[in-house]
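> Here my numbering is used: the first residue of the sequence shown is 81, the next is one more, and so on. In this text, a Cβ means the ideal position worked out from N, Cα and C, and glycines have one as well.
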Amino acid sequence: MTTVLLTGFVPFAGDASNPSGDAVRLVAERWTGPEELVAEVLPVTFDGAPARLRDLIAAHRPSVVLAVGLAGGRTAVTPERVAVNLADARIPDNDGAQPVDAPVVPDGPAAYFATLPVKAITAAVDAGGIPAALSHTAGTFVCNQVMYAALHATAGSDVRAGFVHVPYATETAPAGAPSLPLADIARALEIAVRTAVDTPADAALVGGALH
Ligand code: PCA
81 MTTVLLTGFV PFAGDASNPS GDAVRLVAER WTGPEELVAE VLPVTFDGAP
131 ARLRDLIAAH RPSVVLAVGL AGGRTAVTPE RVAVNLADAR IPDNDGAQPV
181 DAPVVPDGPA AYFATLPVKA ITAAVDAGGI PAALSHTAGT FVCNQVMYAA
231 LHATAGSDVR AGFVHVPYAT ETAPAGAPSL PLADIARALE IAVRTAVDTP
281 ADAALVGGAL H
């Protein structure tokens, strides 16, 4: 039985909700398989989130790990291509921790590439009528921390892992912020999981950025 681990986050930075956690719950509610889906909502903390993710990977032995977080201000669903070994927080996390220029993993590699088929996922979400774009930075806050931790924990194994940032949900977005309906965000995640499971090698599509 193939198991997929799908995670979102609780609210942070004073927001009342986080569409990543809300969308992951929606996906879990209506998941019909055939894979087993393990859905969890992670704390927005530099220490707690990677630790919880590592525990989930050890407990459920998923073959695909897809972590999801909010990138407020983005207009599209954005699979992340790279996680860096750097925690440099512009705001405190939900524990009040605000690391500056700290490694995610001391002596770990400078970066990891996602081991999910990020270009195929981007293309599939776009083909589903939901705005999608490949991203080359997951930032230096807790989302990057979790993506790096997932790739570090699964490095050298058959487990494939990656991260998707999503925009605000229209239902709960701050005034004037770009957003997508929560249902579209959830559908994008379903497409991402399906594509990740069904696509062993990424598609050689144009997806680079000039800047
Ligand atoms: N977004 C933050 C952390 C939690 C979340 O949903 C980030 O992009 O780092």
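Taking I201 and A276 to be in contact with their CB atoms under 8 Å, please state how far apart those CB atoms are, rounded to whole angstroms.
The Cβ separation is near 6 Å, so the contact holds.
> In the DSSP assignment, what are the bridge partners of H245?
In the DSSP output, where bridge partners are listed per residue, H245 has G149, T158.
> When burial is assigned at 16 or more other CB atoms within 10 Å of the CB, is E251 buried or exposed?
That one is exposed.
> Considering only the alpha carbon of each residue, which of A147, P189, T87, V273 lies closest to G48?
The displayed coordinates of the chain run from 81 to 291. Any statement about residue 48 would go beyond what the structure contains.
> Can H245 be considered in contact with the ligand PCA, in the sense that its beta carbon sits closer than 7 Å to one or more heavy atoms?
Checking the Cβ of H245 against the ligand PCA gives yes.
> DSSP three-state label for V205, please.
If DSSP states are grouped into helix, strand and coil, V205 belongs with the helices.
> Compute the beta-carbon to beta-carbon distance between P197 and A283, rounded to the nearest angstrom, for a pair I have assumed lies under 8 Å.
Their Cβ separation, rounded to whole angstroms, is 7 Å, which keeps P197 and A283 in contact under 8 Å.
> Got a sec: does the ligand PCA put a non-hydrogen atom nearer than 7 Å to the Cβ of S215?
Checking the Cβ of S215 against the ligand PCA gives no.
> Within 10 Å of its beta-carbon, does M227 have 16 or more other beta-carbons around it, so buried, or fewer, so exposed?
It counts as buried.
> Which two residues bound the contiguous alpha helix (DSSP H) that contains A235?
Counting along the chain, A235 falls outside any alpha helix (DSSP H), and DSSP gives it neither H nor E.
> Report the option in A108, S100, A93, L86 whose CA atom is closest to the CA atom of I265.
Residue S100 is the option with its Cα nearest to I265.
> State the beta-bridge partners of V222 as determined by DSSP.
For V222, which the question treats as bridged, DSSP gives no partner whatsoever.
> By the three-class DSSP mapping on this structure, what secondary structure does V164 have?
Reduced to three states, the DSSP call for V164 is strand.
> Along the chain, which unbroken stretches of the alpha helix (DSSP H) at least 4 residues long are found entirely within the segment 257-285?
As far as the segment 257-285 is concerned, its whole alpha helix (DSSP H) runs of at least 4 residues are 262-278.
> At a cut-off of 7 Å, is S259 close to the ligand PCA when judged by its beta-carbon and the heavy atoms of the ligand?
Answer for S259: no, Cβ out of range of the ligand PCA.
> Within the same chain, show all residues whose beta-carbon is closer than 7 Å to that of L193, passing over the 5 residues directly before and after it, in chain order.
In the sequence as displayed, the identity of residue 193 is Phe instead of Leu. R161, V162.
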